[in-house]
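Participant:
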Amino acid sequence: WNDFGALLQLDARTTFGADVYPLVSSINFFRVSVPLVSVHVAVSCAAMHYLSGPPPVLIAEGGLHHTDASPDEQRAFSAQAAADWETLLLARAAELVPGGRLVISNFAIDERSGGWFLGSTDYGSSVYTELSGCLRSGRLTAEEFALATSPEYYRTLREHVAPFDDPASPVRRAGLTLVSAEMRNERCALRRRVVDGGFESAEAYGRAVASTVGAFTR
4 WNDFGALLQL DARTTFGADV YPLVSSINFF RVSVPLVSVH VAVSCAAMHY
54 LSGPPPVLIA EGGLHHTDAS PDEQRAFSAQ AAADWETLLL ARAAELVPGG
104 RLVISNFAID ERSGGWFLGS TDYGSSVYTE LSGCLRSGRL TAEEFALATS
154 PEYYRTLREH VAPFDDPASP VRRAGLTLVS AEMRNERCAL RRRVVDGGFE
204 SAEAYGRAVA STVGAFTR
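Each residue of the sequence shown is one higher than the one before, starting from 4 at the first, in the working numbering.
1) Skipping 5 residues on each side, what residues in its chain have a beta carbon closer than 7 Å to that of Leu92?
2) Tell me whether the beta-carbon of Asp87 lies closer than 9 Å to the beta-carbon of Tyr157.
3) For Glu146, does the count of other Cβ atoms within 10 angstroms reach 16, so buried, or fall short, so exposed?
4) What are the complete alpha helix (DSSP H) segments, minimum 4 residues, inside the region 134-175?
5) Between the C-alpha atoms of Ala63 and Val216, what's the straight-line distance to the nearest angstrom?
6) What residue from Gln83, Glu189 and Ala207 has the CA that sits closest to His52's CA?
7) Could you spell out where the beta strand (DSSP E) holding Ala45 opens and where it closes?
8) Near Val27, which residues of its chain fall below 7 Å by C-beta distance, leaving aside the five closest residues on each side in sequence?
9) Indicate whether the contact test is met: 3 or more Cβ pairs, each with one atom in the region 34-50 and one in the region 72-80, closer than 8 Å.
10) Are the beta-carbon atoms of Ser140 and His68 separated by less than 9 Å?
11) From what residue to what residue does the beta strand (DSSP E) around Gly20 run?
12) Looking only at its chain, what residues have a beta carbon closer than 7 Å to the beta carbon of Val212, apart from the 5 residues adjacent to it on each side?
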């Protein structure tokens, strides 16, 4: 899982330099979490696809993720994600100094490739839809399956840049401007290990997948 204990035990000043002063904030990033106008460079990786609260709706069929949702369910997720994205950007605008830089790397949906996203496979299904087999086999009840809906949303590139396209948007009025935005695809590292014969058994592969999924559920 995301173990911050090792990070907190790290002697950052010895590792990174005498002028490095670690800060651990218990305030979530949907709010201003550091002093106003104090950040020169901010970096966020694989985090801001999460929603600010529980899923706006529970997905009753198909899967556990908004990519498997019905059109009506998708619209609810999209609306919540748009509002959260603006909230996140406005909080960062309040934290940055004039001329500061914000770098964000998010999980996303690549419209160029027909909608690829984290969890897509070469077989036309996703890890989320495969989990629906637990419902069909009786390992999960319908209620348990619906309650497992993931509180996240993978934005497209268009959805990422939308707050910057309107000069009158709250994000633009707060002083944020977009320097660049791009979509990149990265092949699954676990798949590469399978192809290269890096797992001694299917069970070993299963443990690795379970560990990876568990990192996002704790």
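Quick reminder that beta carbons are idealized off the backbone N, C-alpha and C, glycines included.
Facilitator: Short version:
1) Residue mapping note: residue 92 aligns to position 89 of the sequence shown, counting from 1. Contacts found: Pro166, Val174 and Leu179.
2) Locating residue 87 in the sequence shown gives position 84, counting from the first residue. Locating residue 157 in the sequence shown gives position 154, counting from the first residue. Cβ distance not < 9 Å, so Asp87 and Tyr157 don't count as in contact.
3) Within the sequence shown, the letter at position 143 stands for residue 146. Exposed: under 16 other Cβ atoms inside 10 Å.
4) 145-150 and 160-168
5) Mapped onto the sequence shown, residue 63 falls at position 60. Mapped onto the sequence shown, residue 216 falls at position 213. Cα to Cα, the separation comes out at about 21 Å.
6) Here the question's residue 52 lines up with position 49 in the sequence shown. Closest option to His52, Cα to Cα, is Gln83.
7) Against the sequence shown, residue 45 aligns to sequence position 42. From DSSP, the beta strand (DSSP E) with Ala45 extends over Val42 to Cys48.
8) Locating residue 27 in the sequence shown gives position 24, counting from the first residue. The answer, listed in chain order, is Leu11.
9) no
10) One-based indexing of the sequence shown puts residue 140 at position 137. One-based indexing of the sequence shown puts residue 68 at position 65. Not a contact, by the Cβ cut-off of 9 Å.
11) Here the question's residue 20 lines up with position 17 in the sequence shown. Premise fails: Gly20 is in no beta strand (DSSP E) and is neither H nor E.
12) Taking the first residue of the sequence shown as 1, we reach residue 212 at position 209. Cβ neighbours of Val212 beyond the five flanking positions: Leu193.
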